[in-house]
Amino acid sequence: MFNPDVIAAVREAKFCRVVIYPAVRGWSGERVQLEVSDDIAALGYTDCQRGAGHWLVIDTTPEQVAQEAERLRGAPVLVLRGCVANGAVDNLRGEGLANQ
């Protein structure tokens, strides 16, 4: 499902999540991103100094992406729905942060 670079990043990153960002009228539909980072504050950004990167997910569901990331990491991966300000809302009430 993932290319070799994404597989390595998912395995090596300290933090990993899948985020569903809302549609932006006139610009894009709903977007799903796989996000990794060694610094939780850098999730969702590209920052080589903090081991952060993100990939747009197409042609699959957020749940399938999370399952594959969980398989690679050997730990649960949080699936979040982004809010209007593109912040992430923890819809698992902290339970999904077990691997963080």
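Residue -12 is where the sequence shown starts when you use my numbering, and the numbers rise one by one after that. For glycine and all other residues, C-beta sits at the position ideal for the given N, C-alpha and C. In this text the structure is predicted, and so the values were computed from the model without any measurement.
Exercise. Can the beta-carbon of Y8 be found less than 8 Å from the beta-carbon of Q20?
Worked result: Position 21 of the sequence shown holds residue 8. Position 33 of the sequence shown holds residue 20. In contact: Y8 and Q20 (Cβ atoms closer than 8 Å).
Exercise. Between which two residues does the beta strand (DSSP E) carrying E17 extend?
Worked result: Sequence index remark: in the sequence shown, residue 17 carries index 30 (1-based). In the DSSP assignment, E17 falls outside any beta strand (DSSP E) and carries neither an H nor an E.
For this session: Tell me, to the nearest whole angstrom, how far the beta carbon of V64 is from that of C3; I am working on the premise that it is less than 8 Å.
Result: Here residue 64 is taken as the residue at index 77 of the sequence shown, counted from 1. Here residue 3 is taken as the residue at index 16 of the sequence shown, counted from 1. Confirmed, Cβ separation roughly 5 Å.
Problem set entry | Start and end residues, beta strand (DSSP E) containing I7 | Translated into positions along the sequence shown, residue 7 becomes position 20. Segment 2 to 8, the beta strand (DSSP E) holding I7.
Exercise. Going straight from the alpha carbon of A39 to that of L30, what length do you get?
Worked result: Start at 1 with the first residue of the sequence shown, and residue 39 comes out as number 52. Start at 1 with the first residue of the sequence shown, and residue 30 comes out as number 43. Separation of A39 and L30 (C-alpha to C-alpha, rounded to the nearest whole angstrom) is 6 Å.
Exercise. Just how far apart, CA to CA, sit R(-2) and S24?
Worked result: Start at 1 with the first residue of the sequence shown, and residue -2 comes out as number 11. Start at 1 with the first residue of the sequence shown, and residue 24 comes out as number 37. R(-2) and S24: Cα-Cα distance of roughly 11 Å.
Problem set entry | Secondary structure of D(-8), DSSP reduced to three states | Taking the first residue of the sequence shown as 1, we reach residue -8 at position 5. Helix at D(-8).
Problem set entry | As assigned by DSSP and simplified to three states, the class of V52 | Start at 1 with the first residue of the sequence shown, and residue 52 comes out as number 65. Correct three-state label for V52: helix.
Exercise. Helix, strand or coil: which one does DSSP assign to L59?
Worked result: In the sequence shown, the residue the question calls residue 59 occupies position 72. Under the three-state reduction of DSSP output, L59 falls in the helix class.
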